[in-house]
Structures are given as structure tokens and as C-alpha cells.
Amino acid sequence: MRKTVLPAVLAGLALACGPAWAQGARTAAGEGDLAVFKKACSGCHKWHGGGGGGYGGDALSLRKTQLDKEQVAEVVRCGRPGTGMPYHLRGAYETVKCYDSLKADMAGNMPPETAVFLRPAEIDAVATYVVTQLKGKGDPTAAECTAFFGTTSRACDVYRKKEGSDAPTVSH
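Taking the UniProt record's numbering, the leading residue of the sequence shown gets 1, the next gets one more, and so forth.
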């Protein structure tokens, strides 16, 4: 009796509270799609999503991805087995199957665990950001740089100069 009641109670709580909790996780901290990308992805994929070698390893370009939103979300949740792309969902490969596999099925091919897990709403936010703001884009622009760093960062000066923009730069 006890074994069947607890899962039913937990499932009922998840259905009743899930959508409100997920929305609250995103809005309570004021995190939009870009904020979650900054926190979880830019360390490897860089601010522009172009990836490459350097400070995050050899991350793939999100600007060139062919994945749709659900596929991006799956990669964020589950990582990429056999690569350095970590999984960001607590319980991935343990209580949640990834690529139809659990940890025992993965042998030595487990992706690394991230340092900071993301909530489902944050994973959705990252996937939304990737497919709406990065996928299919060409070279990074001054406007994209400014959206990421803000108007007071010198990081965007190179893009402003390249584009001949009159946008203000930071002076010291």
C-alpha cells in the first residue's frame, strides 16, 4: 500500500505545483533566456554562442547548430556522451533516462556532470535562447555584443569599430 501511495501523491503534487514552480523559478530571480545562457553556457560556447577552442574547451558553435528546440533542450538536460558537454539536469541518467539510457547502460561513455544544475524552466530558457537568438546567425554583431555585455562594456568596441557604429564606447 505504502509503495503505491507515495508515487501517486508525488505525481499529484508535481502536476498541481509544477507549472507555477517552473514559472516562479524563472521570474523570481529575474532570469530571462539570456541570463540563463550567461550563467550556464557562455563559459564554453562563449558570449556569441560560436564556441571554439579556448576558455571552455572545444565547444560546438550554437550559431551553426541544426538542432530544433527540443533537441537543444535534450542536449542541455543530458549532455553529450563521449564529449566534454556536461549534463545540466539533476537526476539525469539516474532517475531520468537520457537518450533512452541510464548510467548503468553508459559504460565509460557518461558525459560529465555540470557544476551547477538547471531547473526545467531554465533548460527551456536556454533552448529558447539558442534557437531564437543564435541558431542560423552569421558573425557576431555589435548589437548582439551590447545585448550581452551592456552599453558600458569595452568588449564590444571591436564590433562597433568593425561596423562603423557611432555607439558610445567606454572612456577612462
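Note that CB positions come from ideal geometry on N, CA and C, so glycine has one too.
By DSSP, does residue i sit in helix, in strand, or in coil?
i	result
Arg26	Unreliable positioning characterises Arg26 in this predicted model, as indicated by a pLDDT of 39, which lies under 50. The coordinate reading is nonetheless provided below. In this structure, Arg26 counts as helix in the three-state DSSP scheme.
Val36	helix
Cys98	strand
Tyr87	strand
Ala104	helix
Gly82	coil
Leu10	Note that Leu10 scores a pLDDT of 34, beneath 50, so its modelled location is shaky; the value from the coordinates is reported in the next line. Three-state DSSP puts Leu10 in a helix.
Applying the 10 Å Cβ sphere with the 16-neighbour rule, what's the burial state of residue i?
i	result
Lys46	buried
Glu70	exposed
Leu118	buried
Leu102	exposed
Gly82	exposed
Glu122	buried
Val116	exposed
Does the separation of the CB atoms of residue i and residue j fall below 8 Å?
i	j	result
Ala59	Cys44	yes
Glu110	Tyr129	In the sequence as presented, Glu is not what sits at residue 110; that position holds Met. The answer is no: Cβ separation not under 8 Å.
Met85	Val75	yes
So what does residue i bridge to, in DSSP terms?
i	result
Glu113	Tyr87
Could you spell out the range, first to last residue, of the alpha helix (DSSP H) harbouring residue i?
i	result
Pro120	120–129
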